[in-house]
Every structure is written in structure tokens, then in C-alpha cells.
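Let me begin by presenting the structure, written as C-alpha cells, before commenting on it.
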Amino acid sequence: DGGITQSPKYLFRKEGQNVTLSCEQNLNHDAMYWYRQDPGQGLRLIYYSQIVNDFQKGDIAEGYSVSREKKESFPLTVTSAQKNPTAFYLCASRNPALEFTGELFFGEGSRLTVL
Amino acid sequence: AQSVAQPEDQVNVAEGNPLTVKCTYSVSGNPYLFWYVQYPNRGLQFLLKYITGDNLVKGSYGFEAEFNKSQTSFHLKKPSALVSDSALYFCAVRDTNAGKSTFGDGTTLTVKP
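First to last, the protein sequences are chains D and P.
The number in our numbering is simply the position in the first sequence, starting from 1, with 57 added.
The number in our numbering is simply the position in the second sequence, starting from 1, with 1235 added.
Okay, structure coming up:
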């Protein structure tokens, strides 16, 4: 079945370490997104990419980095510069054929805990 | 800038009763509006959307939403709630000129037997 796969589902990190969250999709979507979810704060956009080899900062990009070398992959690196990285991270994609009218398809999320 | 407000953190209803989860929005152009549902420790699932046309939109699992341009609202409704509807619901807006969505803070719906 088509969908978005995020891994790992749970991740523990020591302070000062970088960590990379994987996001792979087989929906043939051009646009991909990373959101951060904290309790009571909804979803906040970290980075997004409309096409391979191109990406833009979202609302809370500081301390994060991304790459988009392949259409199906959009990994997120949480660097040691991120002050409060403990959160639930969600990857999403969107059908570009529907332009901006398309809904987002989400992965199951990755929960990062900094010890 | 675009924004979304979900004024209620929590909505409680009895099973079989109608439910409403409220959402208001602000955009500079014409809005594209979406509702998503999230179960614990899971990703979000799409329920329904308003793009244009009929103000009453029907979606998955018996949910519907009414677009009201004058009140800039897009409330989610269901005529008869089920216990299994208990979840976290998010409203989202996208400006017709924007490639990114803005989400509300979410409303926790609890349906009691």
C-alpha cells in the first residue's frame, strides 16, 4: 500500500548529539513537510520541500536541517543547536497535481526524547 | 499571514448526541480549509476539506463541516457521536497562494457512553 514511513518510532538522545529522523514516501508526491507537535500547541512547520533539491524554512527551522536528494525521501536532522528537541515529529506529503487544494498525508510520527 | 483558532481545548458529548468542534480562520485570500483527526501516538488522518462550491462538506466517518465566509468559520459536526470518535481534532487553513498549511492547536473530543 502507498503511504509514508517514518523511522524510528521512538528515539532517545543525549544532549549534544545530532539525530536524524527518516521519512520515506511511495505516493509519488512532490511536496513533503516536517512538523513538530508539542502538547497543546498544535503542529508547527519546521521545513518543507516542493521539489527535489529544493526546500524552505518553516516557522521553527532553527536547530534543524533537511535534505531532499530523492523525491521519496526527506530526512530531518535535529542538531545539538535545537534548545528543546523533545517532541513528536510528523512527516507529511501532498499531491502536487491538486495544487494547493490537496490534503496532507501523514506518517505515524517519531517521538524524540532528550535525556 | 494565515491563522486558525480552535476556541475549545476540550469538547465532551454523550454517545448518540450531536457534536460540534469549532474552528475560525484568517487568511488574506480565499481559504482552503481542512479537518484532520489524530489518535494517540499516531499521525493525522484527513477527514474533509472545503475548496469551493457547496458550503456544507461531507467527509469520512459521517463527519461534515459548514463553511461560513461571513463568520470566517468552518465548524466540524456529526449528527450522532460514537465513543470511537474520541480523539484530537485539528483544523487547518491554506491560503490559495500558499504552499503550506497552518494548524489550530487542536480540540480533544471525548464521547462518553
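Even glycine gets a Cβ: it sits at the ideal position worked out from N, Cα and C.
Everything numeric in this text was worked out from a predicted model, so none of it was measured.
Problem set entry | Continuous alpha helix (DSSP H) assignments of at least 4 residues falling wholly in the region 1273-1345 of chain P | Taken in chain order, no unbroken stretch of alpha helix (DSSP H) lies wholly in the region 1273-1345 of chain P with a span of 4 residues or more.
For this session: Please confirm if G1334 (chain P) has its CB atom under 8 angstroms from at least one CB of chain B.
Result: Within the model displayed, chain B is absent; protein chains D and P are what it includes.
Problem set entry | Under 7 angstroms by beta carbon: chain D residues contacting Y1267 (chain P) | Here the neighbours are F157, T158.
Exercise. Listing by chain order, which chain P residues have their CB less than 8 angstroms from the CB of G59 (chain D)?
Worked result: Going along chain P, no residue has its Cβ under 8 angstroms from G59 (chain D), so there is no contact; the nearest lies around 14 angstroms.
For this session: Could you tell me whether the Cβ atoms of K1312 (chain P) and T1255 (chain P) are closer together than 8 angstroms?
Result: Pairing K1312 (chain P) with T1255 (chain P) gives a Cβ-Cβ distance under 8 angstroms.
Exercise. Can the beta-carbon of V1272 (chain P) be found less than 8 angstroms from the beta-carbon of L1317 (chain P)?
Worked result: For the 8 angstroms CB-CB criterion, V1272 (chain P) and L1317 (chain P) do not form a contact.
For this session: Would you please state the rounded distance, in angstroms, between the beta carbons of G196 (chain D) and R151 (chain D)? I believe it to be under 8 angstroms.
Result: Because chain D spans 58 through 172 in this model, residue 196 (chain D) falls outside it and cannot be assessed.
For this session: Within the same chain, show all residues whose beta-carbon is closer than 6 angstroms to that of E81 (chain D), passing over the 5 residues directly before and after it, in chain order.
Result: Closer than 6 angstroms at the Cβ level, and outside the excluded window around E81 (chain D), lie T62, E129, S130.
Exercise. Is T62 (chain D) helix, strand or coil when you go by DSSP?
Worked result: Looking at T62 (chain D) - three-state DSSP - the assignment turns out to be strand.
Problem set entry | Near-chain D residues of the region 1267-1299 of chain P (beta-carbon distance less than 8 angstroms), N- to C-terminal order | So the list reads Y1267, F1269, Y1271, N1276, R1277, G1278, L1279, Q1280, F1281, K1284, I1286, given in the order they occur along the chain.
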